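Each remark here refers to the structure printed beneath this line.
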Amino acid sequence: MSYAESLLWTVTPYVTLVIFVGGLIWRYRYDKFGWTTRSSQLYESPLLRVASPLFHYALIFVIVGHVTGLLIPISWTDAVGVSNETYHANALIWGGLAGVATLVALALLIYRRRTNGPVFLATTVNDKVMYLVLAASIVAGVVTTVAGFVPSEVSYRTTVAPWFRSVFALRPDVEAMGHASGLYKLHTLIGMALFVLFPFSRLVHALSAPLGYLFRPYIVYRSRSDGAPRRPGWGRVRQNRPL
Amino acid sequence: MKVMAQIAMVMNLDKCIGCHTCSVTCKQTWTNRPGVEYVWFNNVETRPGQGYPRRYEDQGRWRGGWRLTRRGRLTPRAGGRLRKLATIFANPLMPSIQDYYEPWTYDYETLTTAPLSGDVPVAAPRSLISGEPVKIGWSANWDDDLGGDPTPDPVLERLSEQVRMEFEQAYMFYLPRICEHCLNPSCVASCPSGALYKRAEDGIVLVDQDRCRGWRMCVTGCPYKKVYFNHKTGKAEKCTFCYPRVEVGLPTVCSETCVGRLRYLGVLLYDADRVTEAASVPDERDLYEAQLGLFVDPHSPAAESAGLPADWLEAARRSPLYDLIVRYRIALPLHPEYRTLPMVWYVPPLSPVVDALSTTGHDGEAAANLFAAIDALRIPIGYLAELFTAGDPAPVTDALRRLAAMRSYMRAVNLGEQPVLPDVGLPEDDLAAMYRLLALARYDERYVIPTAYGNVPGVVEEGGCSLDYDGGPGMQGPFGEASGRPVPVSIENFHGLKERQTSDEVTRDRVNLLNWDGRGTPAGLFPPRRRSS
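Protein chains in written order, with my numbering: chain A, 331 to 573; chain B, 4 to 536.
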């Protein structure tokens with residue numbers, strides 16, 4: 331492995347993490363008002379009502395698959411008696427299905443966005459870049475899932491996953507990542523690009539999944555002064571300007 | 004018992020001439036921005052008619068408000084918490100822009116740039132949503148003055164076939180609508196983010212723009228369809244009861260500018276502990292009485308010991324609303340069957356009955372004639388009952404009889420005749436007081452608004468405000484339109500309006516709001532910027 335590549339797998343994950351976490355904190359503090367789904371359902375509903383739930387539900391499966399695949403070591407599945415072959419067969423079927431469903435739904439959503447006049451008018455440059463990276467990472471992901479079943483390939487469970495876990499242990503296992511195939515490396519890089527983009531795009535709405543709704547009373551009362559910043563009448567008026 | 008205060012509204016429908024001044028001034032104040040072109044926090048509907056958005060009262064389709072489960076518990080008609088979260092990726096019950104109307108402008112530029120020809124150039128309509136040429140076929144008041152076909156009116160559909168056929172000749176009136184600021188708001192209950200809330204001090208229901216994430220469930224939850232989605236900012240917006248004005252003791256813009264002076268504002272005290280109980284009475288027709296039962300007499304010991312600020316208690320005692328709603332019982336809630344316990348009430352219109360009498364050659368002001376007509380004219384009573392009392396004609400009839408009694412009593416007084424006092428459950432003094440309140444009441448009798456919470460120093464100032472903010476809301480930020488901080492509305496309204504209302508000087512640089520496009524800050528529109536030392 332070249333010096334440049336080992337540098338790549340050592341430095342970029344941390345740069346990504348810093349931008350991701352720092353960016354989110356900054357965005358939340360600076361731009362609560364812009365933190366929204368920016369729904370376009372008001373313009374067009376029939377296509378959205380099929381594509382959007384399909385995309386989001388499939389994506390939840392994809393995320394669960396990534397968490398399992400990256401965080402659970404082979405030794406754990408062995409210990410509960412799941413052979414590597416069974417694991418991979420399952421990963422291919424369910425992961426492949428979820429991946430293809432996500433891709434189909436994304437294609438529908440992009441088609442809708444491009445062909446529906448009002449929806450396209452409401453699409454910013456930021457959205458377009460985000461769609462490009464998102465689509466690229468999903469395409470690369472589906473390809474690796476399918477390619478991952480070819481026996482000659484090196485499994486991500488012995489390459490990408492150990493490296494991913496070692497990043498959080500602050501001792502990046504560059505050797506393991508070096509053995510991964512080019513497809514996996516590409517998918518990992520695009521994935522990191524998506525995480526870099528995440529805090530600065532509409533993707534942030536994922537973090538607002540309103541699970542608290544299940545546990546709160548229906549009617550919310552708030553006092554007039556709740557959350558309103560107080561300053562004395564003689565205090566300086568702070569100027570908030572966008573950028 | 005937990006006594007809470009609410010600033011509520013009563014509208015006297017007899018006086019509404021359908022001029023839409025309230026709608027227009029409200030629009031100028033709150034929704035003259037990109038993203039809310041189609042939004043009317045206040046709109047005036049001709050009844051019978053479809054309303055705005057189209058057929059919003061058809062809860063079989065839109066599923067707004069609450070329903071009772073088999074075990075007698077309240078649950079949002081559109082589904083409970085799990086169902087809301089399961090359908091969060093695309094709300095299946097959201098009205099489309101076509102159900103409101105596609106907002107448009109006119110291509111005025113062609114009027115000046117068209118080449119010389121034999122034909123006069125025309126400013127063709129263009130959609131404000133897509134920018135394309137558009138055929139105008141519907142809008143917020145399309146069926147004004149029965150201009151459209153009133154038969155799709157969902158309220159009319161519940162009346163019998165024969166009644167519907169006769170309706171158009173029989174009865175027509177105007178219904179101005181704002182957010183009801185309900186005691187049991189289903190929009191608040193529908194919001195997954197908890198961004199919508201009811202203010203504990205004055206009961207105003209507001210959207211926290213920093214917490215709203217644009218899930219759109221509130222639009223579905225509100226049976227009156229008075230929560231709107233701003234398609235530029237991706238956030239929900241609704242009538243604010245002009246809280247920046249109300250906080251400084253000014254009436255809402257719609258009340259202030261009402262030509263007919265038909266709106267009344269005041270404090271009502273209610274028992275917050277029994278709200279859910281009142282909203283879940285089994286029979287829909289009992290909801291009106293149940294809500295009446297929630298209101299607390301401001302002179303009672305319970306109100307006194309509730310710990311309210313003295314000026315609020317005083318305002319509650321002088322409240323014109325308590326008289327209209329509880330004492331005289333002539334104001335009724337709009338669609339109590341939605342179980343949201345609405346707080347904008349209506350005095351039902353008597354004038355169509357008087358008109359119907361007069362055209363038959365009878366004396367339309369004599370009590371006996373009026374009473375007979377109220378009983379005989381089943382059509383308007385049935386329709387009004389569907390609007391105001393979940394179909395129970397008795398409270399509507401009673402309210403109209405009291406209005407009729409007042410009318411004939413005051414005529415006798417003014418003509419120097421001996422007044423015959425009909426038995427409507429109100430003593431002579433009350434009839435006279437009611438007349439004064441409905442016919443003569445001055446500004447400070449119609450609007451009894453305590454100022455914000457004892458004027459604690461500093462509370463009227465919002466942090467981080469600025470008036471010289473380029474572009475204002477709707478400006479293109481890096482994360483989509485209108486990202487970054489919104490302009491604090493209370494600054495615009497508080498300083499601007501308060502100054503204009505209270506200063507002795509005549510403002511020299513007047514700005515004509517009618518041709519201001521909402522962008523930039525023309526001289527004279529806002530108070531001069533204070534240089535900080």
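The C-beta atom is built at its ideal place from N, Cα and C for all residues, glycine as well. Owing to the predicted nature of the structure, the values given are computational and were not obtained by experimental measurement.
- Nearest CB-CB separation between F363 (chain A) and chain B: below the 8 Å threshold.
- Look at G269 (chain B) here: in three-state DSSP terms it is strand.
- DSSP, reduced to helix, strand and coil, places E48 (chain B) within a strand of the structure shown.
- Rounded to whole angstroms, the gap between the alpha carbons of H396 (chain A) and I390 (chain A) is 10 Å.
- Identification of chain B residues near V550 (chain A) by a Cβ-Cβ cut-off of 8 Å yields V191, C194, G197, L199, Y200, K201, ordered along the chain.
- Neighbours of T445 (chain A) across chain B, judged by C-beta separation under 9 Å, do not exist; the nearest C-beta is about 12 Å away.
- According to the DSSP assignment, T445 (chain A) belongs to the alpha helix (DSSP H) that extends over 426-445.
- In the DSSP secondary-structure assignment, W69 (chain B) is bridged to B:P79.
- A direct Cα-Cα distance of roughly 7 Å separates L162 (chain B) from Y386 (chain B).
- Contact check for Y417 (chain A) against T407 (chain A) passes: the beta carbons are separated by less than 8 Å.
- If you look at Q9 (chain B), you'll find it isn't in any alpha helix (DSSP H); it sits in the beta strand (DSSP E) that goes 6-15.
- In the three-state DSSP reduction, P188 (chain B) falls in the coil class, being neither helix nor strand.
- Chain A has no Cβ within less than 8 Å of the Cβ of E183 (chain B).
- Boundaries for F525 (chain A): no beta strand (DSSP E) harbours it, while the alpha helix (DSSP H) harbouring it runs 512-527, taken from the DSSP string.
- Listed in chain order, the alpha helix (DSSP H) elements of length 4 or more contained wholly in the segment 284-332 of chain B are 290-295, 304-307, 313-320.
- A Cβ-Cβ separation of about 4 Å places P124 (chain B) in contact with A117 (chain B) under the 8 Å criterion.
- Residue-level contact check: H517 (chain A) does not touch chain B, since none of the beta carbons of chain B fall below 8 Å from its beta carbon.
- At a cut-off of 8 Å between C-beta atoms, E240 (chain B) does not count as an interface residue with respect to chain A.
- The beta carbon of L131 (chain B) sits closer than 7 Å to the beta carbons of E40, P106, W107, T108 from its chain, once the five residues preceding and following it are set aside; these are given in chain order.
- Using a CB distance cut-off of 8 Å, E292 (chain B) does not count as an interface residue toward chain A.
- Annotation for V345 (chain A): the continuous alpha helix (DSSP H) segment containing it runs 333-360.
- By the Cβ criterion, the segment 298-317 of chain B is not in contact with the segment 15-32 of chain B, since fewer than three pairs of Cβ atoms, one from each stretch, lie closer than 8 Å.
- Neighbours of R442 (chain A) across chain B, judged by C-beta separation under 8 Å, do not exist; the nearest C-beta is about 12 Å away.
- In chain A, no part has a C-beta under 9 Å from the C-beta of R342 (chain B); the shortest such distance is about 12 Å.
- Annotation: Y441 (chain A) to N420 (chain A) spans about 31 Å, alpha carbon to alpha carbon.
- A buried status is given to M409 (chain B), since no fewer than 16 other beta-carbon atoms sit within 10 Å of its beta-carbon.
- Cβ atoms of T454 (chain B) and V251 (chain B) come within 8 Å of each other, at about 6 Å.
- In this structure Q212 (chain B) is buried. Its beta-carbon is surrounded by 16 or more other beta-carbon atoms within 10 angstroms.
- Per the coordinates, the alpha-carbon of P351 (chain B) lies some 9 Å from the alpha-carbon of L406 (chain B).
- The beta-carbon of T366 (chain A) is placed less than 8 Å from the nearest beta-carbon of chain B.
- For G82 (chain B), the nearest beta carbon of chain A is not closer than 8 Å to its own beta carbon.
- Taking 8 Å as the threshold, the shortest C-beta distance from G353 (chain A) to chain B does not fall below it.
- From the listed residues B:R58, B:P153, B:R214, the smallest Cα separation to R359 (chain A) is found for B:R214.
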